[in-house]
Amino acid sequence: MNGVVVEGMATLEEACSADAVIVGSGIATREVVEDPAIMEVLRGLDPSRRLVAAQCSGALVLARLGLLDDVPACTDLTTKPWVVAAGVEVLDQPFYAKGNVATAGGCLASPYLAAWVIARLRSGEAAADALHYVAPVGEKDEYVERAWRNISPYLTAPASAPA
Numbered sequence: 033m034n035g036v037v038v039e040g041m042a043t044l045e046e047a048c049s050a051d052a053v054i055v056g057s058g059i060a061t062r063e064v065v066e067d068p069a070i071m072e073v074l075r076g077l078d079p080s081r082r083l084v085a086a087q088c089s090g091a092l093v094l095a096r097l098g099l100l101d102d103v104p105a106c107t108d109l110t111t112k113p114w115v116v117a118a119g120v121e122v123l124d125q126p127f128y129a130k131g132n133v134a135t136a137g138g139c140l141a142s143p144y145l146a147a148w149v150i151a152r153l154r155s156g157e158a159a160a161d162a163l164h165y166v167a168p169v170g171e172k173d174e175y176v177e178r179a180w181r182n183i184s185p186y187l188t189a190p191a192s193a194p195a
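Sequential numbering of the sequence shown, starting at 33, is according to this note's numbering.
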């Protein structure tokens with residue numbers, strides 16, 4: 033799109049065996065969920081073995097895979113009707129996680145998703161450090177605190193709050 037070239041570093045099959053998989057968002061998500069070949073590969077996403085997360089319309093992919101059957105989700109407002117039609121409760125909040133499955137709604141909620149993954153795989157301190165690094169100058173502490181308020185209720189693995 034717009035001349036941006038993305039080169040894959042791994043196959044989709046290899047990606048499905050990573051410690052964490054984040055399903056991104058995009059204008060072709062509805063086409064992706066209708067593609068049997070892609071969805072068959074994605075059925076290998078097993079939340080009992082890895083963290084599985086979705087940003088915005090990526091929630092539709094998780095819904096169609098059955099990974100949100102007992103998990104409410106966050107998504108963007110454009111995708112919300114399709115996720116609801118897939119039988120998933122959509123929350124009016126930027127982030128939600130249950131066990132090893134997480135969703136974030138709205139492009140600016142993506143740092144919450146990233147921080148949750150970092151906190152779960154490394155530590156709360158590592159997540160806070162990453163957030164602090166990308167936060168706007170003059171708003172760093174406030175930004176980290178807001179992000180932490182959104183993700184800390186969903187950290188099932190020990191992750192201490194940032195100092």
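Backbone N, C-alpha and C define an ideal beta-carbon position, used for all residues, glycine too.
All values reported here derive from a predicted model rather than from experimental measurement.
From this set, Asn132, Tyr175, Arg181, Gly119, which residue's C-alpha is nearest Asn52's C-alpha? One detail in the question is off: residue 52 reads as Ala in this sequence, not Asn. Cα-wise, what sits closest to Ala52 is Asn132.
What ranges does the beta strand (DSSP E) occupy inside the segment 52 to 115, keeping only unbroken runs of at least 3 residues that lie completely in it? 52 to 55, 83 to 87
List, from N- to C-terminal side, the alpha helix (DSSP H) runs of 4 residues or more that fit wholly inside the segment 124 to 169. 142 to 153, 156 to 166
CB-CB length for Cys106 against Gly137, believed under 8 Å: 3 Å
Are the segment 137 to 148 and the segment 116 to 128 in contact at 8 Å, needing three or more beta carbon pairs? yes
Along the alpha helix (DSSP H) that carries Ala47, what are the first and last residues, could you check? 44 to 47
From Pro104, Lys130, Val166, residue whose alpha carbon lies closest to that of Ser184: Lys130
Report the rounded CA-to-CA distance for Val73 versus Asp161, giving the unit in angstroms. 34 Å
Cutting at 6 Å between CB atoms, please list the residues of its own chain near Thr188, excluding the five before and the five after it. none
Please report the Cβ distance between Leu100 and Leu94, rounded to the nearest whole angstrom; I am assuming they are in contact, meaning their Cβ atoms lie under 8 Å. 5 Å
Tell me whether Val36 sits in a helix, a strand or coil according to DSSP, three-state version. coil
Using the DSSP secondary-structure output, state which residues sit across from Val122 in a beta bridge. Ala105
Could you have a look at Glu177 and say whether DSSP puts it in helix, strand or coil? helix
Three-state secondary structure (DSSP) of Ala117: helix
Figure out for me which residue from Leu153, Ala146, Arg152 has the closest Cα to the Cα of His164. Ala146
Straight-line Cα distance separating Glu39 from Ile150: 24 Å
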